Amino acid sequence: MTELPFTPENVKLVQEYVDETKRRVVKGGSILFTAKASRELEDLFLDFDITEEDIQSTLMNLTVEDYYRGVDPSPRSDFNVCAFCAETGKSDIQIYLKFGLHVKGTQILLFSNHIPTYPMLQPFKK
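Heads up: the sequence shown is residues 1115 to 1240, going by our numbering.
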């Protein structure tokens, strides 16, 4: 995944992605977990009591500063994919959150949600 450099245009692009994510959640768009993301969520639940509702809440609270990598605007792709590093759950555990917005629908596909295995530099964090 490509890391976008900090520019006004890229901040706007990521903000639009965050806004569209929130709009879809509010409108009841389905959040689908891949098999990998489901296994990771099970681990998060067992280790930190993090639930699917916590992940949904995290999506609703994303900011541009949480951005890590991505936003693939490829017209050939079914999903525009982006990754964030954000806090979730009652203990505000930091997780890596990679998901895609379906290009032609309202679906959100969660590819990954786990504790980062290495420090995550966030290029838009002040």
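Using N, Cα and C, we set each Cβ at its ideal position, and we do this for glycine too.
Values in this document were obtained by computation on a predicted structure and should not be read as measured data.
Here the segment 1139–1150 makes contact with the segment 1213–1229; the two share three or more CB pairs at distances below 8 Å. Between T1202 and T1172 the beta-carbon gap is near 4 Å, inside 8 Å, which marks them as a contact. In terms of CA proximity to E1166, L1155 leads the group S1205, M1174, K1136 and L1155. The C-alpha of P1122 is placed about 29 Å away from the C-alpha of H1228. For secondary structure counted as the beta strand (DSSP E) over 3 or more consecutive residues, the segment 1162–1208 holds these complete runs in sequence order: 1181–1184 and 1193–1202.
When the beta-carbon positions are compared, M1234 and C1196 stay at least 7 Å from each other. Per DSSP, L1223 is one residue of the beta strand (DSSP E) stretching across I1222 to H1228. Buried is the label assigned to D1180, since at least 16 other Cβ atoms lie within 10 Å of its Cβ.
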